[in-house]
Structures are given as structure tokens and as C-alpha cells.
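Numbering (UniProt numbering), first residue to last: 1 to 843. First comes the structure, then the notes that go with it.
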Ligand SMILES: *Cc1c(COP(=O)(O)O)cnc(C)c1O
């Protein structure tokens, strides 16, 4: 229970029971568990309907109102039972406790530049924050011990208004820390924990905050401390605002400040999860901290602690990585590097460069993260592959398949994206606890739902969205923006029986938010069709300085106006989580049109799954692995080819062909009961086959089992006993690297004997212990297959101790010339080539 003295601002009363209300109001579990909604509404219906923020409601109501409800025995009973439920949810053994009772993992720190938990805490822009927020929530559901580390932005990202000409207007609002559901992080004596980080020659103060979200906690930092200079107070104002100069300061606060924060609250995570390279500096501070505490060198400490760092990259193009000018690095981190890390600036820069000797090369945060982590992954199968290409330069001479980057496909937190109707239908089929375990038979249970049930679900969801659209339409008309002042009969805005298509995205060119506008006449034809019409709901923000993106918005607004389409096409302004929630619950079809392979994963399309929406998308990101003809539609199917899409004109044509010949007819092909049975069958498949797979529940279980648990084990192994094993490993790595170039091949004999090619080779390993290498026969995979690698056996040659002789054979299905011999490191508990990237080829 919260101690009321711990609370920032003030509470309406000091009557006993108010702390219980505060405890509930400050647990953002309310953002996905709606058991208490009615209860909050009772305190202030008007404010609740507008904000759905219990903490704000609690801070606003009068003392007499609070005292009145606390005197009401029914209310008190309900309050106690809600608290009891909360307590149970927070303490009872969940998936992690049951599945991994012996785990050495006690804590994961999850670093991210943005977190999207709820509208009430607007510290996000979009996809990246969505991934972070949904993973925290699922970690809570599953009992995985995760603590989030992020920044508290005074303004966050801009809010959008669209004027009558279709121009995006930027509005900044203020995140009043007294009214968002966060509290100061205090130590046991009640003192507000403040920490200092180095920034250039200064040390700046950071304030600390905490957010409770079910079982997990999110800790936030901001620099708006009156003890700082004004120039420093503003650093955490805006998310992704300013240029490189501001970005590096924010990233120093996140990475270096974040680790110091963990130390200040005495959390000792075995694993740090870096959600994108923004938080890369944490690997430096973690190593510095370890070296100081255990008395080893910076490099030894980095080699020990990196085993506990997991780096997830989200970028699909090189320009997406943060790069910093070496002089900016010197200005911001020179003193810290020399005095605290104990290394030179050149050494630090080398950690972020492809070529350490290139003085002009910028410092790349993702390279730092790779060199400071024990495991790296992309966020979809396709993105894993793209990432292996992007990071290939760090592993010269390694085949692309062996670049050490795996993938964990993102998922979404289903309880946050289902609506009251789909919650009901899922509960009926799979029970209330359905998203908290290993999801075993969810799919099978969903398959049993009747056509009637599913069609009713869709109709309720669509009607709900139309209701929301009408409300927003009226609001936008009153505001006098892109919807003109004429009198509208709201009942004519959208039709509850019409196929509804949704598109909401950041308006950036690669997402092609106006692919449909490439053929305006054809689009008009579909919209104005009498018997089988289509209606369209859109939303999205363009970057504040992105003229191209803003022009795309304008094009839509003008298209609507010019053709008088207000009744069937709407552009909702200020795309945010609430708009998403409404759209993904109501649309029949979610459209997604990125240029392959630029969308690393994409998550918005996953949000419609749980509500029975279907997807129509290019085969990019998650859809490239989710798509099959029975669950939805693919624009650049091109016989599933691996090529990067068709021309834009061709993709536009395919998009319209699909809509005209397949999608629209299928939706309107309804039986005597008015049910489109083929459409429903597709929904059934999409819900049962895809929803469990693309849920954050699956994602977090994968991270836990494939990344967190092994990382914790390796970190503890290396760091135990003051890093005894870790230091030895580091020494071995260095020895191997220093002596690698002396390796050379001697005599090679190849012959084909029967069905085998037999190879025998003499190798001079010099100072390298033969136990530390593998010699293997290698041939490249054919037709995109995996390469063939066959280890060779070392023969003892007592006559010649300086030379090792290896022998091995492969089947002779491929000609001899396809094979070559290579030597690669093979050190115990070491990730090769991530940590030791040497390799030696015969040719
Ligand atoms: C889900 C979501 C996103 C991410 O969607 P993408 O598919 O990655 O484009 C962005 N913004 C908001 C508000 C969202 O809800």
C-alpha cells in the first residue's frame, strides 16, 4: 500500500481509505483491465468520460465527494475487493514462476526511448513505444521480472490539428507531473531520489519517477530539475525533437542515467534489454560500474557485462541508426571517457565505428550496442535477414547466414487492444486467463465459435467505430478544421452495414499512405458503388518538419473535399492510442502498404486480429511471415518471391484488383441470414491462427527463454568471484585476436574416394591453442539454402609439434571445387562471431 506522504501533489482528503484509492489509481493496470471503470466513473462521470484517467479523477474531485463515497459501505466493499484482486494478480505465481522456478534470472532492465502504455501518459510517438509498452504489460501478465527505464518528457510528441486547407498544425501540450499517473521515486527515508550524470564538463541533475503497471514498474528520468541550468532543464522536453545535439544528451540521460538509477534503487539486473540503439550508452556505464566495484579494467568489465546485454534493432535502413559526429562525442563525453571509463576518446569512438582507424567516421549507436551485447536480434523474420546485411560490415569475411543476429517477431498486448465485445467472445471461448499462460489451445477453442457469433461481433465492433467517428467528426467540424462548417446530419456519416477499411500510420513516404490515391478514379468508383460500397477511415501524423509527409496528408484532405466524400471517407486528426484502439476494433479490413523491406515489423495490423479484422498488406515485416491465402490478402505476393516488391504502379494495380475482384465481393456475398460465410471463415482462421502468435505474450516468452535466461546465466558465470572466469575469458579472447593473423595453411591434399571428397590439411596455429578453434570444410548453400559445414578431425603428428593436421570428408554430391576449408574460433561460453569475429579461409 502506498504511504500517502509519498505522493506528489495532494490528495483530496486524508480520510482513511484514500490511500487505497490512490494505490488503484496509480496502477496503470487500469489501462488494460477495466474492472474498476464504473467505480471511477462514480467519482466524476464527466471527467472520467473525457479522460479515463483515474489518477486525474482522484486529484480533481472534491473532499466531500471522496468522503461521501468512502462512507458508503457498498463503495468500500467494492474498493476492498478491487484491491484484493490487484494484490492477487500481483503476487500469485504466473507463467514465469511456474515454468522457470529455478531461474537464476531475477531482474531484467528494459531500456527504451519511448513507452506507450496509455493516453494518460503520453511519452511515445508510435511503433517503438508501442512495442515497449506492450512488452511491459505482457511481462506483467506472465510474471517476468522486468523493470522499464525511460524518459519523462515535459511535452512528449506534438499533437496534431488539421486546418481547412489540409495543413497539419503542430500543438504542444504539457505533461503535468501532478496529473499523469507517476510519482517521485523516493528512498526509504522519503527523500526524492535524484541522480547526476556527466554531460560535457557539467554534471546535471536528473529527477526520478516511477509508474506502476501491474507487476512491473517503469522508472523515468527527466532533467527539468530547478537545480540545473535552464539549458539543461529543457533536454527532456520533447521526444525526438531537435537535432543530433539534443539527441545525444537525451541518450546519455537514458543510458548512463538509466544505469545509475538502477544502482540508486538497488536493483541489480542480470540482463539489460536495449530496445533500439538509443540506449546504447548503458553498456558503457554498466561496464564502468562493474569495473569500479570489482577492480578490473574497463575492457575486462565490458567483456563480462556484455554477456548480460541484449540488443534489439528496429531499423531497416542504415540512415535509421543514430550517428554522432566525433567532435560532438568529444564535447559531450570526452571527460567521462577519460576520467571515468579510463580509456581514450579514440578507443571509445572505435566501439562505434566500422573502421576504427577512420578518423572521419561518425559514431554509430547501433554498432556500440552490438559490440556491447551478448545477443542481438531483429524484430521479424525478414528484418532479421535485413539486419544481417546491415551489420555485416562488423563481421568481415563471415557468410551472411552466420552474422550473429537472430529475430524475435514483435507482438501486441491483446488485452490492451481487444474491445468489450471481443473480450466477451474470447472469454466465452477461452476463459478469462487466456493471455496469461503459454496460450496452448487458444486457437482451437476460437475455431469453435459460430458464424453467428463472429458476425455479430463484427457488426457490434463496426457500429462502435461509427459512433466514435461521428463524435470525432462533429468535434472536428466544430473546431473548424478540415471539415467545413456546413450542417451535417451526423446519422448520414458512415453506414454501419458497409465494408470499412482503415489506414492509420505515421505519414512517411515509405509507408505510402496514399497508394490508394495513385488511381483516384478507381478509388472513387469503389467508394461510390451503390450495391457494394466501401468506406474509409484514416489517421496519421507527419513529422513536424517533413514537408513530404505533410503533403500526403493534404492530398487526402483535398481528395475528400473535392469529391465531397465526407460521408464515407474521414481523416481523424491527432492519431494516438485512443484512435488506434477505436479503429482496430471497428474496421473490417486494415490496409498496410510499406515498401518492402522497410517496415521492420509493424504492429498496427496485429491489433485488428483479436477483434476479427482482416489484413491487406504488402508482404513486409510481420505480414511476410503471417500471411497465407486463408487469413488475408497480400499485395506484392509475386508468387511469394524474395524480391523486393513490384513497381509502385504494379502494386497499386494489384491493390485495386484485390479490392474489386476478391475482397469487396467476398464481404457482400451473404447467405440467407445475411452472413458472409467465406469472410467469416477467414476471420475464424485469422483469429485462431494469428492472434496467439502475434501477441506480445508469445514475444515476451521468446525473449525470456531464448535471450534473457541464457544471458543471465552467461553473465553470472563471467561475473562471479569478482569476475574470475570473465577476466580469464577476456584474456583468452585477446590472446586469440592477437595471434590470429599468424595462422597459415601448409600442405593440402584433396581426393575423391568413392562417394566422398576427402580433405587433409596441415595448419600452423602458432601460439593459438588448438582447443580454441574449429577447422571445417565449408560450402555455400545452393538456391538460398544454408551453407554446409563439416568439422575436421585433428590428427596427432608427434613429429611436428608446430603443425596441426586435420582430416575430414564430405559426400561428393557437389563438385570438389565447391568446398573450401576454414578456421574459426571456438571458445567456451563465447558467442562467435559476435565477440570474437576472426575467421581464416583457405581461399
Ligand atoms: C500501433 C501503433 C503504431 C505502430 O503501428 P505500425 O504498424 O508500426 O505503423 C503507431 N502509432 C500508434 C498510435 C499505434 O497505436
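Yeah, the Cβ is synthetic: ideal placement off N, Cα and C, and Gly gets one too.
Asked: Quick test of the definition: if touching needs 3 or more C-beta pairs under 8 angstroms, does the stretch 719-737 touch the stretch 441-450?; Found: no
Asked: Any idea if residue 336 is buried or exposed, counting beta-carbon neighbours within 10 angstroms, 16 or more meaning buried?; Found: buried
Asked: Buried or exposed: residue 171, going by 16 or more other Cβ atoms within 10 Å of its Cβ?; Found: exposed
Asked: Please state whether the Cβ-Cβ distance between residue 543 and residue 587 is less than 9 angstroms.; Found: no
Asked: Shortest alpha-carbon distance to residue 101 belongs to which of 368, 762, 705?; Found: 705
Asked: Give me, in chain order, the residues of the same chain whose beta-carbon lies closer than 8 angstroms to that of residue 147; leave out the 5 immediate sequence neighbours on both sides.; Found: 107, 108, 109, 110, 216, 217, 218, 219, 262, 267, 269
Asked: Are three or more beta carbon pairs between the stretch 755-764 and the stretch 811-818 nearer than 8 angstroms?; Found: yes
Asked: Using the Cα positions of residue 799 and residue 733, report the straight-line distance between them to the nearest angstrom.; Found: 29 angstroms
Asked: Are the Cβ atoms of residue 615 and residue 589 separated by less than 9 angstroms?; Found: yes
Asked: Between residue 238 and residue 153, what straight-line distance do the alpha-carbon atoms span, to the nearest angstrom?; Found: 6 angstroms
Asked: Check the DSSP bridge columns for residue 704 and list the partner residues they point to.; Found: DSSP lists no partner for residue 704.
Asked: Just to confirm, does residue 240 get its C-beta within under 8 angstroms of one of the non-hydrogen atoms of ligand 1?; Found: no
Asked: Verify the contact flag: residue 112, CB atom, against every heavy atom of ligand 1, threshold strictly below 8 angstroms.; Found: no
Asked: Can you tell which of 833, 176, 788 has its C-alpha closest to the C-alpha of residue 737?; Found: 833
Asked: Within the continuous alpha helix (DSSP H) that includes residue 151, where are the two ends?; Found: Premise fails: residue 151 lies in the beta strand (DSSP E), 146-151, not in any alpha helix (DSSP H).
Asked: Pick from 68, 196, 214: whose alpha carbon is nearest that of residue 221?; Found: 196
Asked: Less than 9 angstroms between the C-beta atoms of residue 212 and residue 29, yes or no?; Found: yes
Asked: Distance, Cα to Cα, residue 8 vs residue 494?; Found: Low confidence applies to residue 8: its pLDDT is 46, below 50, so where it sits in the model is not reliable, and the reading given next is rough at best. The alpha-carbon atoms of residue 8 and residue 494 are separated by roughly 45 angstroms.
Asked: Helix, strand or coil, according to DSSP, for residue 809 in the structure here?; Found: strand
Asked: Excluding the five sequence neighbours on either side, which residues of its own chain have a C-beta within less than 8 angstroms of the C-beta of residue 518, listed in chain order?; Found: 648, 649, 652
Asked: Ligand 3 and residue 310: does any heavy atom of the ligand fall closer than 8 angstroms to the residue's C-beta?; Found: Here the bound small molecules are ligand 1; ligand 3 is not part of this structure.
Asked: Taking contact to mean 3 or more Cβ pairs, one atom from each stretch, closer than 8 angstroms, check whether the stretch 432-443 and the stretch 655-665 are in contact.; Found: no
Asked: Taking C-beta to C-beta, are residue 283 and residue 369 nearer than 9 angstroms?; Found: yes
Asked: Leaving aside the five residues before and after residue 396 along the sequence, list all residues of the same chain whose C-beta is less than 8 angstroms from its C-beta, in chain order.; Found: 837
Asked: Find the nearest neighbour of residue 345 within the set 802, 326, 354, judged by alpha-carbon distance.; Found: 326
Asked: When DSSP builds the beta bridges, which residues end up paired with residue 716?; Found: In the DSSP output, where bridge partners are listed per residue, residue 716 has none listed.
Asked: Just tell me which of 391, 399, 324, 388 has its CA closest to the CA of residue 362.; Found: 324
Asked: Of the choices 592, 539, 562, 545, whose alpha-carbon is the least far from that of residue 581?; Found: 539
Asked: Since residue 57 and residue 13 should fall inside the 8 angstroms C-beta cutoff, what is the C-beta to C-beta distance between them, to a whole number of angstroms?; Found: Contact flag wrong, Cβ pair sits at about 14 angstroms.
Asked: Does residue 623 come out as helix, strand or coil in the three-state DSSP assignment?; Found: helix
Asked: Grab me the residues of residue 640's own chain with a C-beta within less than 6 angstroms of its C-beta, minus the 5 sequence neighbours each way, in chain order.; Found: Note that residue 640 has pLDDT 45, beneath the 50 cutoff, so the model's placement of it is unreliable and the number below is only indicative. Excluding sequence neighbours, residue 640 sits near nothing in its chain.
Asked: Pull up the distance between the alpha-carbon of residue 766 and that of residue 822, whole angstroms please.; Found: 16 angstroms
Asked: Under 8 angstroms, with one C-beta from each stretch per pair, do the stretch 243-258 and the stretch 81-94 reach the 3-pair mark?; Found: no
Asked: Taking only three categories from DSSP, how would you classify residue 8?; Found: A caution first: residue 8 carries a pLDDT of 46, below 50, which makes its placement in the model unreliable, though a value can still be read off. Note: residue 8 maps to coil in three-state DSSP.
Asked: Using C-beta distances below 7 angstroms, list every residue in its chain close to residue 304, excluding the 5 sequence neighbours before and after it, in chain order.; Found: 290, 718, 719, 723, 726
Asked: With H, G and I counted as helix, E and B as strand and the rest as coil, what does DSSP make of residue 219?; Found: strand
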